[in-house]
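Visitor:
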Ligand code: SF4
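Residue numbers (my numbering): 4 to 168.
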């Protein structure tokens, strides 16, 4: 989803567009909500030790109309999915979605034959921009996901990429 969902203007101001994208990428406002254990990791990411504020994304907003990032953190039950969809629709454009953890990516450990209560991935009903694997992913992984989203918005990487050792 993101900025592509907004129709391009006829006259384009490239420098201004880049400046606006940089402003958006460096002041992401996630929606305050969590679904299961991965939400605890998300909360830890916003607290003092990991300090998401360093990346401009620490201002979790209590209302969808004030948010531009939905972090789907946890197991998505079929009962909860319509409420999540409503929250997403109430967010103004441009907006982005991060699927945090294996449950939000694919149903995680709750996928088995005959399961009937879990949606097997946020991308079944939301346009997910960044997938962060793990059960749960560590706060560093969420920070990396935020940096990936920033790169998607601006087209360039602000921090060096850490290669697996
Ligand atoms: S991925 Fe693991 S830690 Fe995250 S919500 Fe699912 S079961 Fe919990």
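Ideal Cβ placement from N, Cα and C applies to all residues, glycine included.
Beta carbon of residue 67: closer than 6 Å to some heavy atom of the ligand SF4?
Guide: For the purposes of this step, residue 67 is taken as residue 64 along the chain shown, with counting starting at 1. No; taking the cut-off as 6 Å, the Cβ of residue 67 has no heavy atom of the ligand SF4 nearer than that.
Visitor: Report yes or no: do three or more beta-carbon pairs, one from the region 123 to 133 and one from the region 102 to 115, lie closer than 8 Å?
Guide: yes
Visitor: So the candidates are 122, 154 and 165; which of them puts its Cα closest to the Cα of residue 24?
Guide: Residue mapping note: residue 24 aligns to position 21 of the chain shown, counting from 1. Taking only the C-alpha atoms, the option nearest residue 24 is 154.
Visitor: Let me know the alpha helix (DSSP H) ranges lying completely inside the region 79 to 164, each 4 residues or longer, listed in chain order.
Guide: 84 to 93, 105 to 109 and 142 to 157
Visitor: Within 10 angstroms of its Cβ, does residue 19 collect 16 or more other Cβ (buried), or is it exposed?
Guide: As a position in the chain shown, residue 19 is number 16, starting the count at 1. Exposed, because fewer than 16 other Cβ atoms sit within 10 Å of the Cβ of residue 19.
Visitor: From the DSSP output, which residues share a beta bridge with residue 23?
Guide: Here residue 23 refers to the residue found at position 20 of the chain shown. Answer by DSSP bridge pairing: none, since residue 23 is not bridged.
Visitor: What are the residues that DSSP puts in a beta bridge with residue 73?
Guide: If you number the chain shown from 1, residue 73 lands on position 70. In the DSSP output, where bridge partners are listed per residue, residue 73 has 100.
Visitor: Can residue 136 be considered in contact with the ligand SF4, in the sense that its beta carbon sits closer than 6 Å to one or more heavy atoms?
Guide: As a first step, residue 136 is located in the chain shown; it is residue number 133 there, counting from the start. Residue 136 Cβ: outside cutoff for every heavy atom of the ligand SF4.
Visitor: So for residue 55, helix, strand or coil by DSSP?
Guide: Taking the chain shown and counting its residues from 1, the one referred to as residue 55 is at position 52. The answer is helix: DSSP assigns residue 55 an H, G or I state.
Visitor: Within the structure, which residues are defined as neighbours of the ligand SF4 by a Cβ-heavy atom distance below 6 Å, reported in chain order?
Guide: Selection output, chain order preserved: 39, 40, 41, 77, 78, 104, 105, 106, 111, 112, 138 and 139.
Visitor: Using the C-alpha atoms, what's the distance from residue 72 back to residue 63?
Guide: On the chain shown, residue 63 is found 60 positions in, with the first residue counted as 1. On the chain shown, residue 72 is found 69 positions in, with the first residue counted as 1. Going by the C-alpha atoms only, they are around 9 Å apart.
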